[in-house]
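This report concerns only the one structure given below.
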Amino acid sequence: MERSGTGYRRTARVLHWLVAIVVIATLPVGMLMLEESVPRETRDALFIFHKNVGVVILLLVLARLAYRAWRPPPPMPDHLPRWQVRIAGATHAGLYVLLLVMAVSGYVRVEAGNFPIELLDALGVPALVPVNETLETTAQAIHFWTRFLLVPLIVLHVGAALHHRFVLRDGVFARMWPPLGR
């Protein structure tokens, strides 16, 4: 059985935690690869990691959204105040939008700048974006500034989840945990 009570289905939980782990690993890499104090070879390796994992994030988020459309999430528990349900919905929507903006703008920046994306190149996927300096600069700015919206939203989401788990102990956290169990 894939679903228990008001919890998310196993597939949704696995996709959620995969996205969470990969995004949380990728954000600091993106910041570190911009640090001039880091040796050039290390920054180059971080850039390769960051852009290829960005493709994985895009695919995982698209898979999560497709699964969510096919199998809608369970309703929020009745005991939650309406304002919390609204904020949770807005936070989830914001996370999806910002993750897509980050992944797409990163992809556009790399392709428009004529940089390789080794994972896609190895699979024979052609560039979908023309080489264009203006497009590269715009996408790079979008990618850079979006993190200032994404990181606080992630902190809010994680903080709310931990509040439900350790303070309220109301079962909300258990809807998405454990990733593989049940």
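Every letter in the sequence shown is one number past the one before it in the UniProt record's numbering, and letter 76, counting from 1, is 76. Glycine included, C-beta positions come from ideal geometry on N, C-alpha and C. The model shown is predicted, which means the values in this text are computed figures rather than measured ones.
Skipping 5 residues on each side, what residues in its chain have a beta carbon closer than 8 Å to that of Trp70?
none
Is Ser37 helix, strand or coil by DSSP?
coil
Spell out whether any CB of chain B is found under 8 Å from the CB atom of Ile48.
Absent from the structure: chain B. Only one protein chain is present.
Mind checking which residues open and close the alpha helix (DSSP H) that includes Ile87?
Arg82 to Ala112
What is the DSSP secondary structure of His163, counted as helix, strand or coil?
helix
Residue interval of the alpha helix (DSSP H) (run including Gly30):
Run containing Gly30: Arg10 to Leu32, per the alpha helix (DSSP H) assignment.
Look up Glu79 in the DSSP assignment and say whether it is helix, strand or coil.
First, the residue type needs correcting, since residue 79 is His and not Glu in the sequence shown. His79: coil per DSSP, three-state reduction.
Consult DSSP for Asn132 and reduce its assignment to one of helix, strand or coil.
coil
Indicate whether Thr91 and Leu15 have their beta-carbon atoms separated by less than 8 Å.
no
DSSP state of Val172, grouped into three classes?
Reduced to three states, the DSSP call for Val172 is coil.
Classify Gly7: buried if its beta carbon has 16 or more other beta carbons within 10 angstroms, exposed otherwise.
buried
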